[in-house]
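K.L.:
Quick one: structure below, then a few questions.
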Amino acid sequence: MATQTDLVSIAPPPLIRIRDLTVGYIAGHGQPPAPALHKVALDIWPGEIVGILGESGAGKSTLAGSILGLLPTSSTRAGSICFQSQVAPNQDLQMQNLLRMGERRWQSIRGARIAMIFQEPGLSLNPVMRVGDQIAEVIRAHRSQSRAVRKQGCEEILREVGFADVQRIYRAYPHQLSGGELHRVAIAQALVCRPELVIADEPTRALDVKAQGEILKVLLEMQRNVGSALIFITHNPALLAGFADRVVIMYAGRVVEQGPVGQVFQRPLHPYTKGLLRLFPGSQDAGLSEGRLPGIPGTLRTADYQTSGCIFEPRCSVRTAVCRNEPFAEQVSDDHRVSCFHYGN
Amino acid sequence: MGTEATARAPKTALVRIAALSKRYSQAGGLMGKRFVVDALRGADLDIAPGCLTALVGGSGSGKSTLAKCVAMLEKADSGEIWFEGNTIWPGTSKQLSRLRPKIQMVFQDSASALNPRLSAAQIVAEPLEIQNLGKRSQLRERACELMTEVGLSPDWADRRPLEFSGGQRQRLAIARAIALKPALLILDESLSGLDLSTQAQILNLLLDLQAAHSLTYLLISHDLTLVGQVADFIAVMHQGKIVETGNRQQVLGSPQHAHSKELAASVRVVEEAYRTARVGIER
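Encoded structure:
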C-alpha cells in the first residue's frame, strides 16, 4: 500500500479546500454575531459526490452560501475557501480564495463553474418567463454564442435530463410543469454550462419518496455525464446511502464526522452520528427498545453555539470532563475523521 | 364491510367511519365551470381504542378531509361516524358540542396554528377556560402542569409561541390538545417539517402520554420512516378511499393494494440503502 506521502504526490489537488471557515450573522448593533459555522475544514475533490448531512441549524445552507459567495453583507467571515482554477488552458492551476473575491470576478464563476440547485424550483424559477429562455439566460451570461446555438444547447441539456418532448418543455412556463418536471428543469439550468461544482440544497425535500428516487437518478446520471463534483445537502441519511461517495456530518456549525458513506454508516463514530443513524429502519440497532424510539435526548440550544468545548457535550451520553475542551478532527482511517474524544466507545 | 358497518354501532372500535363521502365544490370563474373535488368517496375505517393508527397516502388522497370530518370541523355529505358507540355524524349540534372536547386535533404548522399574541400558558389554558373548568389562578397552574407533562419548563409559561423552536411548539400544541383529557387525538401531519431526531422525541412523548392517559391516536403522515416503527395499525388511503388496513407487520410486510405496495417499498428502499452501504464496505 502506498504511504501517505505517495498519495499526496499523485493525487490531484482538491477542487475546493475549506479551512477554518467561521461565519457569523450580525444580529443587532453592539451584539456579538450569532455563530453559524465554526472552523469548518473540508476538501471537495473533482468529480465526487459529497453529502452534507445535518439537522436544522447545523449550518448546511450557510456553508452552501459561503461557497457560492451568497452570504448576506451582514455576516462575518474568517478562514479560507480555496477554489482550484485554471484561468487559461495552458496555465498552471491556481488556488483562489473565494472569500476575498470581488463581485465582478464572482459573476464569471457563479453559474458557469460553481452552480446551485435550490430547494424549491417552483419558487426559484421566474414565473413569467419561458423555461427554455431561463436556461438560455445562463448560457448568455457566460458564453458569447448566437441565439440559435444557445437554443441548441438548451435543447440538448433538456434531452439529457430525460425529457422526450423537449419542444413542449422549452416553451412552457413554470406553472405548466409538474413538480418532478420542474426539478429536472432546475438540474438542467444548473448544469447547462458544465460547471466543475454543483451544490444541491435539499433539492428533494418537498417530494415523496418515489419522486425523490427519480430525481436522484437524474442528478446522478447528469453528474456522471458532465463530470462535476456535487455537494448534496440533506437531512435524510437514507438519500445518501448508495448515492454519495463521502458524507460530512454537521452539527451546530461544526463538522463532527466525515468519511466514505459506507464506512460512516457501517461504523459511525461520533455519538451524534450514531444517534441520528439509529432512527432508520435497517440501520444497526434500529427499532423500538422498551417501547421507545432510540433518539437523541435534549435539543440544540442557541447558547450552546458559544461553547469552547465539544458542541455536542450537553446532549451526549458518553461525555466526561475532557469534553469541556475543544475536540480536534482525528483521522481514524484514510479518509474517516471524527471530532470526539470518546469515539472509540 | 361497509353495509355491515352501517347496520350496527361498533362494539370494539373507538371510532367507526362508514361509507363517508365528501365533495368540495367551488363556483366557477370566468368560464362558469364548477370546480368539483371528491375528497372522500365512501371511506371506511375503524380506529381501535388505545392504539396508534397511522393514516398514510399521497397528497390529495383525502387524509386531512377524513380527519376533519372525525374532528367535526368539516361536515361529510353522506356516510356515518360513530364515537364510543354514539353517532357523531349525522348528529345535532347539541350532541356534537358535548362530544367535541373528547376529540382533539394537532395541526401540521404549529407556527400558524397557535395564536402568536397569547403566552404559552394562555394557549394551553384556553380550552379549559372555554369549558369553564376553573378560576384563572387554577388554570395557570394546570397549564404549567401540562407543560411539564409534555417536557416544557413551566418557566417558559410567559413566552410567546414564536419564541419556541418547532419541536417545542408542537409540544405546546399537544399540551393544549390534551388539556381536556380527550379520548382521541388526531395529529394531521404534525411531525412533517421537523428534524428526524425531533420527530423521534415527539413520537416518544406521544407513547408516554398514551400510557399515562390511555389515549388513542390517529396520526396522518406521508413519511413512514419513523411512524412505520411505532404505529399499531396502518390505514392506506388512495383517491378518497381506505384501500388497505392492517397491523404494521401486515401492511409493511405483505401489502395487498398497489398503493400500499409502493409505500412499503419506500420503507424497504431505506433499509436496502443501508444494507448496500454496509455490503459496500464488507467487500
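Just so you know, the sequences run in chain order A and B.
When you read off a place in the first sequence, starting at 1, and then add 3, the result is the number in this note's numbering.
When you read off a place in the second sequence, starting at 1, and then add 43, the result is the number in this note's numbering.
All residues carry an ideal CB built from backbone N, CA and C; glycine is no exception.
Being a predicted model, the structure only gives us computed values, none of them experimental.
Who are the Cβ neighbours of V201 (chain A) in its own chain at under 6 Å, not counting the five residues just before and after it?
P.N.:
In the first sequence, counting from the first residue as 1, residue 201 (chain A) sits at position 198. Correct list, in chain order: A118, A193, S231, L233.
K.L.:
Taking all protein chains shown into account, decide if S240 (chain B) is buried (16 or more other Cβ within 10 angstroms of its Cβ) or exposed.
P.N.:
The residue you call residue 240 (chain B) lines up with position 197 of the second sequence. That one is buried.
K.L.:
With distances taken between CB atoms, is the gap from G209 (chain B) to Q151 (chain B) smaller than 8 Å?
P.N.:
For this step, residue 209 (chain B) is matched to residue 166 along the second sequence. For this step, residue 151 (chain B) is matched to residue 108 along the second sequence. Not in contact: G209 (chain B) and Q151 (chain B) (Cβ atoms no closer than 8 Å).
K.L.:
Give the straight-line distance between the Cα atoms of R20 (chain A) and L279 (chain A), rounded to the nearest whole angstrom.
P.N.:
In the first sequence, residue 20 (chain A) corresponds to position 17, counting from 1. In the first sequence, residue 279 (chain A) corresponds to position 276, counting from 1. Spanning the two alpha carbons is a distance of roughly 27 Å.
K.L.:
Looking at the structure shown, is D136 (chain A) part of a helix, part of a strand, or coil, going by DSSP?
P.N.:
Sequence index remark: in the first sequence, residue 136 (chain A) carries index 133 (1-based). Reduced to three states, the DSSP call for D136 (chain A) is helix.
K.L.:
Specify, as a first and last residue, the run of the beta strand (DSSP E) that L161 (chain A) falls within.
P.N.:
By 1-based counting over the first sequence, the position of residue 161 (chain A) is 158. It is not in any beta strand (DSSP E) - L161 (chain A) instead sits in the alpha helix (DSSP H) that spans 150-163.
K.L.:
Rounding to the nearest angstrom, what Cα-Cα distance links I120 (chain A) and G93 (chain B) in this structure?
P.N.:
Here the question's residue 120 (chain A) lines up with position 117 in the first sequence. Here the question's residue 93 (chain B) lines up with position 50 in the second sequence. C-alpha separation (whole angstroms): 45 Å.
K.L.:
Taking all protein chains shown into account, decide if V270 (chain B) is buried (16 or more other Cβ within 10 angstroms of its Cβ) or exposed.
P.N.:
Counted from its first residue, the second sequence places residue 270 (chain B) at position 227. By the 10 Å Cβ count, V270 (chain B) comes out buried.
K.L.:
Within 8 Å of any Cβ in chain B, is that where the Cβ of G1 (chain A) sits?
P.N.:
Missing from the structure shown is residue 1 (chain A); chain A here goes from 4 to 348 and no further.
K.L.:
Could you tell me if K65 (chain B) is buried or exposed, where buried requires 16 or more neighbouring beta carbons within 10 angstroms of its beta carbon?
P.N.:
Position 22 of the second sequence, counted from the start, is the residue given in the question as residue 65 (chain B). K65 (chain B) comes out buried.
K.L.:
Secondary structure at C319 (chain A), three-state DSSP: helix, strand or coil?
P.N.:
As a position in the first sequence, residue 319 (chain A) is number 316, starting the count at 1. If DSSP states are grouped into helix, strand and coil, C319 (chain A) belongs with coil.
K.L.:
In three-state terms, what does DSSP make of S240 (chain B)?
P.N.:
As a position in the second sequence, residue 240 (chain B) is number 197, starting the count at 1. Three-state result, S240 (chain B): helix.
K.L.:
Please compile the residues from chain B whose C-beta is within a distance smaller than 7 Å of the C-beta of S59 (chain A).
P.N.:
Locating residue 59 (chain A) in the first sequence gives position 56, where the first residue counts as 1. Ordered by position in chain B, the residues that pass the 7 Å Cβ test against S59 (chain A) are D238.
K.L.:
In angstroms with no decimal places, state the Cα-to-Cα distance between A274 (chain B) and E232 (chain B).
P.N.:
Locating residue 274 (chain B) in the second sequence gives position 231, where the first residue counts as 1. Locating residue 232 (chain B) in the second sequence gives position 189, where the first residue counts as 1. C-alpha separation (whole angstroms): 14 Å.
K.L.:
Suppose the cutoff is 6 Å on Cβ atoms and the five residues either side in sequence are ignored; what does the same chain contact list for P298 (chain B) look like?
P.N.:
On the second sequence, residue 298 (chain B) is found 255 positions in, with the first residue counted as 1. K304, A307, listed in sequence order.
K.L.:
Tell me whether Q122 (chain A) sits in a helix, a strand or coil according to DSSP, three-state version.
P.N.:
Here residue 122 (chain A) is taken as the residue at index 119 of the first sequence, counted from 1. Q122 (chain A) falls in the coil class under three-state DSSP.
K.L.:
Compute the distance between the beta-carbons of I394 (chain A) and I52 (chain A), then report whether it is under 8 Å.
P.N.:
Outside the shown range of chain A, which is 4 to 348, sits residue 394 (chain A), and nothing can be said about it.
K.L.:
Less than 8 Å between the beta carbons of I172 (chain A) and M225 (chain A), yes or no?
P.N.:
For this step, residue 172 (chain A) is matched to residue 169 along the first sequence. For this step, residue 225 (chain A) is matched to residue 222 along the first sequence. No, the Cβ-Cβ distance between I172 (chain A) and M225 (chain A) is not below 8 Å.
K.L.:
Enumerate in chain order the residues of its own chain whose CB-to-CB distance from V141 (chain A) is below 7 Å, with the five nearest sequence positions on each side excluded.
P.N.:
Within the first sequence, numbered from 1, the residue matching residue 141 (chain A) stands at position 138. Same-chain partners within the cutoff: G114, Q192, V195, C196.
K.L.:
Who are the near neighbours of P2 (chain A) in its chain, counting only those whose CB is closer than 7 Å to its CB and skipping five residues on each side?
P.N.:
Outside the shown range of chain A (4 to 348) lies residue 2 (chain A), about which nothing can therefore be said.
K.L.:
Considering only the alpha carbon of each residue, which of A:G245, A:Y254, A:P274 lies closest to P263 (chain A)?
P.N.:
Here residue 263 (chain A) corresponds to residue number 260 of the first sequence, with the count starting at 1. Selected option, being the one with the closest Cα: A:G245.
K.L.:
Within 10 angstroms of the Cβ of K118 (chain B), are there 16 or more other Cβ atoms? Answer buried if so, exposed if not.
P.N.:
As a first step, residue 118 (chain B) must be located in the second sequence, where it is residue number 75. Exposed, because fewer than 16 other Cβ atoms sit within 10 Å of the Cβ of K118 (chain B).
K.L.:
Counting only C-beta atoms, is I299 (chain A) closer than 8 Å to chain B at any point?
P.N.:
Counted from its first residue, the first sequence places residue 299 (chain A) at position 296. For I299 (chain A), the answer is yes, since a Cβ of chain B falls inside 8 Å of its Cβ.
K.L.:
In angstroms, rounded to a whole number, what distance separates the CA positions of H178 (chain A) and L210 (chain A)?
P.N.:
Here residue 178 (chain A) corresponds to residue number 175 of the first sequence, with the count starting at 1. Here residue 210 (chain A) corresponds to residue number 207 of the first sequence, with the count starting at 1. Whole-angstrom Cα-Cα distance: 17 Å.
K.L.:
Using only the alpha-carbon positions, how far apart do G183 (chain A) and V164 (chain A) sit?
P.N.:
Residue 183 (chain A) sits at position 180 when you count from the first residue of the first sequence. Residue 164 (chain A) sits at position 161 when you count from the first residue of the first sequence. Approximately 11 Å between the Cα atoms of the pair.
K.L.:
Using 8 Å as the cut-off, can you tell me whether the region 305-314 of chain A makes contact with the region 248-255 of chain A, which would need three or more C-beta pairs spanning the two stretches below that distance?
P.N.:
Flag = yes, the region 305-314 of chain A and the region 248-255 of chain A touch.
K.L.:
Output the distance between the C-alpha atoms of A156 (chain B) and T237 (chain A), rounded to the nearest integer angstrom.
P.N.:
Along the second sequence, one-based indexing puts residue 156 (chain B) at 113. Along the first sequence, one-based indexing puts residue 237 (chain A) at 234. Taking the straight line from one Cα to the other gives about 27 Å.
K.L.:
Which residue's Cα is closest to the Cα of Y67 (chain B): B:D87, B:L295, B:K76, B:D81?
P.N.:
Here residue 67 (chain B) corresponds to residue number 24 of the second sequence, with the count starting at 1. Out of B:D87, B:L295, B:K76, B:D81, B:D81 has the C-alpha closest to the C-alpha of Y67 (chain B).
K.L.:
Taking the CB atoms as reference points, tell me whether F276 (chain B) and G289 (chain B) lie closer together than 8 Å.
P.N.:
Residue mapping note: residue 276 (chain B) aligns to position 233 of the second sequence, counting from 1. Residue mapping note: residue 289 (chain B) aligns to position 246 of the second sequence, counting from 1. Yes; because the gap between Cβ atoms is below 8 Å, this pair is in contact.
K.L.:
With H, G and I counted as helix, E and B as strand and the rest as coil, what does DSSP make of Y28 (chain A)?
P.N.:
Here residue 28 (chain A) refers to the residue found at position 25 of the first sequence. The answer is strand: DSSP assigns Y28 (chain A) an E or B state.
K.L.:
Ignoring anything shorter than 4 residues, give me the alpha helix (DSSP H) runs that lie fully in the region 222-269 of chain A, in order along the chain.
P.N.:
240-243, 264-269, all fully within the region 222-269 of chain A.
K.L.:
Counting only runs that start and end within the region 214-240 of chain B, where is the beta strand (DSSP E) found for 3 or more residues in a row?
P.N.:
Within the region 214-240 of chain B, the complete beta strand (DSSP E) runs of at least 3 residues are 227-231.
K.L.:
Measure the Cβ-Cβ separation of L189 (chain B) and A222 (chain B) and say whether it is below 8 Å.
P.N.:
The residue you call residue 189 (chain B) lines up with position 146 of the second sequence. The residue you call residue 222 (chain B) lines up with position 179 of the second sequence. Result yes, Cβ atoms of L189 (chain B) and A222 (chain B) sit closer than 8 Å.
K.L.:
Alpha carbon to alpha carbon, what distance is there between A241 (chain A) and D23 (chain A)?
P.N.:
Sequence index remark: in the first sequence, residue 23 (chain A) carries index 20 (1-based). Sequence index remark: in the first sequence, residue 241 (chain A) carries index 238 (1-based). Approximately 29 Å, taken between the alpha carbons.
K.L.:
Of the residues A:T302, A:V321, A:A324, A:Q137, which one's Cα is nearest the Cα of G60 (chain A)?
P.N.:
Taking the first residue of the first sequence as 1, we reach residue 60 (chain A) at position 57. Among A:T302, A:V321, A:A324, A:Q137, the Cα nearest to that of G60 (chain A) belongs to A:T302.
K.L.:
Scan the region 81-114 of chain B for residues whose Cβ lies nearer than 7 Å to a Cβ of chain A and list them as they occur along the chain.
P.N.:
Listed by position, the residues of the region 81-114 of chain B near chain A (Cβ gap below 7 Å) are G101.
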